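Take a look at the structure below.
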Amino acid sequence: MNNNNKIEEILDEMDDVLDRATRVPFSSHKSMVDADRIRELVNDVRLYMPHEFKDAKLVAFDRERILNEAKGKAETIISQAEKKAAAIVSQDAIVKEAKKKAYDILAKAQSNAKEIKKNANGYCNKIIGSTEKFFTVALQDIRKTKSSMK
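Residue numbers (our numbering): 2 to 151.
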């Protein structure tokens with residue numbers, strides 16, 4: 002049985018608990034439920050929550066880590082390029098060539114950093130999109146359940 006089916010079963014059981022709830026006297030919209038049982042069911046839902054939710058948290062963390070790594074690598078490359086350019090100052094042609102290489106390395110590092118950031122953002126958007134889709138479906142189910150309880 003997959004986790005989505007298990008979550009459906011848990012939600013059905015929550016419905017049953019709500020259906021069996023005792024009405025509060027003199028109140029048309031309030032009921033008393035077994036709070037411990039509801040808490041157990043909520044914990045069960047969390048246990049069977051699809052891995053995409055957990056993955057989404059990791060993606061956000063990984064995105065920051067990847068961007069920081071890319072920035073660090075770019076800074077290292079830039080630093081190395083600047084050191085190489087400073088070390089090669091003996092002749093005018095060599096100096097010009099060193100500057101050209103340093104700028105090329107810098108442009109490549111910036112391009113690589115942009116590509117890594119673009120890929121990380123794309124991956125994050127994909128995971129967040131699938132998570133958003135799942136939550137939309139779950140919210141619709143919750144609204145149906147809530148509507149049916151009226």
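Using N, Cα and C, we set each Cβ at its ideal position, and we do this for glycine too. Model, not experiment: these values are computed from the prediction.
Item                                                                                                         : Value
Host alpha helix (DSSP H) of V25 (start-end)                                                                 : It is not in any alpha helix (DSSP H) - V25 carries neither H nor E in the DSSP assignment.
I95 classed as buried or exposed, judged by whether at least 16 other C-beta atoms fall within 10 angstroms  : exposed
Reduced DSSP category for M15 - H, G, I as helix; E, B as strand; rest coil                                  : helix
Nearest-angstrom beta carbon gap, M33 and V25 [assumed within contact, 8 Å]                                  : 6 Å
Residue burial classification, L218 (beta-carbon count within 10 angstroms, cutoff 16)                       : Absent from the model: residue 218. The displayed extent of the chain is 2 to 151, so no value can be given.
Inter-stretch contact at 8 Å, needing at least 3 Cβ pairs: the region 113-132 / the region 66-80             : yes
E10 beta carbon less than 8 Å from that of I128                                                              : no
Candidates K55, A61, A103 and L48, of which the one nearest A75 by Cα                                        : A103
Strand pairing of V33, partner residues [DSSP]                                                               : Rather than Val, the amino acid found at residue 33 in this sequence is Met. M33 is bridged to T23.
C-alpha distance - T146 paired with D56, whole-angstrom precision                                            : 27 Å
Member of P51, M150, D17 and S28 whose CA lies at the smallest distance from the CA of I39                   : D17
Other residues of its chain near L19: CB distance less than 8 Å, five sequence neighbours each side excluded : S32, V34 and M150
Other residues of its chain near Y49: CB distance less than 6 Å, five sequence neighbours each side excluded : N4, K7 and I8
Integer Cβ distance of I1 from A110, believed to fall under 8 Å                                              : The requested residue 1 is not part of the displayed model; the chain covers only 2 to 151.
Where K151 falls: helix, strand or coil (DSSP)                                                               : coil
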